[in-house]
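In our numbering, each number is its position in the sequence shown, counted from 1, plus 200. Data block below; observations after.
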Amino acid sequence: MNFNVDLGSFKFCWSVELTCFDHLLKVFSIKMEYEGRYRMAAAKYDCLLFDLDDTLYPYSSGIAAACGQNIKDYMVEKLGIERSKIEDLGNLLYKNYGTTMAGLRAIGYDFDYDDYHSFVHGRLPYENLKPDPVLRSLLLSLPLRKIIFTNADKVHAVKVLSRLGLEDCFEGIICFETLNPTHKNTVSDDEDDIAFVESAASTTTSANGPQIFDIIGHFAQPNPSLVALPKTPIACKPSELAIEKALKIASINPQRTLFFEDSVRNIQAGKRVGLDTVLIGKSQRVKGADYAFESIHNIKEAIPELWESDMKSEVGYPGQVAVETSVTA
Numbered sequence: 201m202n203f204n205v206d207l208g209s210f211k212f213c214w215s216v217e218l219t220c221f222d223h224l225l226k227v228f229s230i231k232m233e234y235e236g237r238y239r240m241a242a243a244k245y246d247c248l249l250f251d252l253d254d255t256l257y258p259y260s261s262g263i264a265a266a267c268g269q270n271i272k273d274y275m276v277e278k279l280g281i282e283r284s285k286i287e288d289l290g291n292l293l294y295k296n297y298g299t300t301m302a303g304l305r306a307i308g309y310d311f312d313y314d315d316y317h318s319f320v321h322g323r324l325p326y327e328n329l330k331p332d333p334v335l336r337s338l339l340l341s342l343p344l345r346k347i348i349f350t351n352a353d354k355v356h357a358v359k360v361l362s363r364l365g366l367e368d369c370f371e372g373i374i375c376f377e378t379l380n381p382t383h384k385n386t387v388s389d390d391e392d393d394i395a396f397v398e399s400a401a402s403t404t405t406s407a408n409g410p411q412i413f414d415i416i417g418h419f420a421q422p423n424p425s426l427v428a429l430p431k432t433p434i435a436c437k438p439s440e441l442a443i444e445k446a447l448k449i450a451s452i453n454p455q456r457t458l459f460f461e462d463s464v465r466n467i468q469a470g471k472r473v474g475l476d477t478v479l480i481g482k483s484q485r486v487k488g489a490d491y492a493f494e495s496i497h498n499i500k501e502a503i504p505e506l507w508e509s510d511m512k513s514e515v516g517y518p519g520q521v522a523v524e525t526s527v528t529a
């Protein structure tokens, strides 16, 4: 038998096979590297922190406008403030303290927090809020922790989530009671925060006795910055101290958390404490916002990588959502 072997052809075929194998190895290596990088990017976040009002539902619902009017009525009916001063006073308090409530306490008004919330939120047109099955589906499909962070009280937060049909979409709620559990007269020591600044200013005495700081008169002075504003005992956004406290309570790592808000100053405060941020209600990003889109419903098309995870595809929380009320050590 003749076993003639064409060594040249054999070497050529072997060389071609080696070249093909080497090419396949390179392709596989590139593919694995790409997938590894993609998985790393997809795993950037393990928690989503959501504001409530005007974030999970649109401003057009009328809730914010009604709430603003109720606050003005409370100031007149419960605190005896002249209605002619309400507009200017409310704007100054909101601008300098984060919420009108925090500002009222800072300048000397004493009132029961539950009574305030009951008056301000108790008459809101909650019937304007309808179940949102689209948002519910989006939230349940997100394989990440989801937590509410609101300045509002727990009764309001639970009622809003219930009206929207989102009660079981969140792990918990960080609300007014969470950050202000019992000691309403404890003043924050966050001296660098706009809402918590040292006071050396003069006050006036109201007919009922308490010392009331004239914040309108203060800003009417030529150089108002020469005299610092009174501190508030209320912790709330956009205070960086309040945000950090909220993160600690819920065991949230800011470096791995995406914060959804409709307030630009809350977004900027969140960014300063290390959160990545999403501005809701605007299509253009502002300073401090990593993302911006008109509606929370745009979340999947704007940030599709949030859905890329090895975890189960639907994450719900059976029963009513928990309300965080104490700080974990």
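We put the CB at the ideal spot given by N, CA and C, even for glycine. Quick caveat: nothing in here was measured; it's all calculated off a predicted structure.
Give the DSSP-derived three-state secondary structure of residue i in the structure shown.
i    : result
L329 : coil
R336 : helix
G372 : strand
T405 : Confidence at T405 is low in this model, with a pLDDT of 41, below 50, so its placement is unreliable and the value that follows should be read with caution. Strand, per DSSP.
Q269 : helix
V355 : helix
Q421 : coil
E508 : coil
V486 : coil
T350 : coil
T477 : strand
E494 : coil
E196 : Since the first and last residues shown for the chain are 201 and 529, residue 196 lies out of range.
V276 : helix
Y309 : coil
L429 : coil
R323 : coil
Taking the alpha-carbon positions, what's the residue i to residue j distance?
i    : j    : result
I452 : L344 : 12 Å
L269 : T300 : Note that residue 269 corresponds to Gln in the displayed sequence, not to Leu. Rounded to whole angstroms, Q269 to T300 spans 12 Å at the Cα level.
K272 : R485 : 32 Å
V360 : Y326 : 7 Å
S402 : F413 : Unreliable placement is indicated for S402, whose pLDDT of 35 sits below 50; no coordinate value is reported for it.
N466 : I434 : 16 Å
T457 : E444 : 13 Å
G470 : I503 : 19 Å
E377 : S337 : 29 Å
S463 : G481 : 9 Å
L342 : D312 : 39 Å
T525 : A492 : With a pLDDT of 42 at T525, under the threshold of 50, the predicted position of this residue should be treated as unreliable, though the coordinate-derived value follows. In a straight line, the C-alpha of T525 is about 31 Å away from that of A492.
C369 : F250 : 11 Å
P410 : T477 : 40 Å
P438 : E508 : 31 Å
L441 : I348 : 17 Å
I394 : K500 : For I394, the pLDDT reaches just 35, beneath the cut-off of 50, and the residue's location in the model is therefore unreliable, leaving the point undetermined.
Between residue i and chain C, is any beta-carbon pair separated by less than 9 Å?
i    : result
C375 : Protein chains in the displayed structure number just one, and chain C is not present.
Under the rule that 16 or more other beta-carbon atoms within 10 Å means buried, what is residue i, buried or exposed?
i    : result
P430 : buried
T382 : exposed
R363 : buried
V427 : exposed
G372 : buried
S260 : exposed
R283 : exposed
E461 : buried
E287 : exposed
Output needed for residue i: all residues of its chain with C-beta closer than 8 Å, excluding positions within five of it in sequence on either side, in chain order.
i    : result
I415 : L289, L292, L293, N296, G303, I307, L429
V227 : Because the pLDDT at V227 is just 44, under 50, the model does not fix this residue reliably, and the value given afterwards should be weighed accordingly. Contacts found: none.
G365 : P331, D332, P333, R336
So what does residue i bridge to, in DSSP terms?
i    : result
D254 : D254 pairs with nothing; no bridge assigned.
T382 : DSSP output for T382 lists no bridge partner at all.
C247 : R345, T457
To which residues of the same chain is residue i closer than 6 Å at the C-beta, ignoring the five residues directly before and after it?
i    : result
E494 : S483
Q468 : G488
Could you pull out every residue in the same chain whose Cβ sits closer than 7 Å to the Cβ of residue i, ignoring the five residues on either side in sequence?
i    : result
C375 : T350, A352, D353, K354, A357, V523
Y320 : With the sequence shown as reference, residue 320 is identified as Val, and Tyr is not the correct amino acid for it. Cβ within range, chain order: C267, N270, I271, Y274.
D310 : P410
Y316 : Y274, M301
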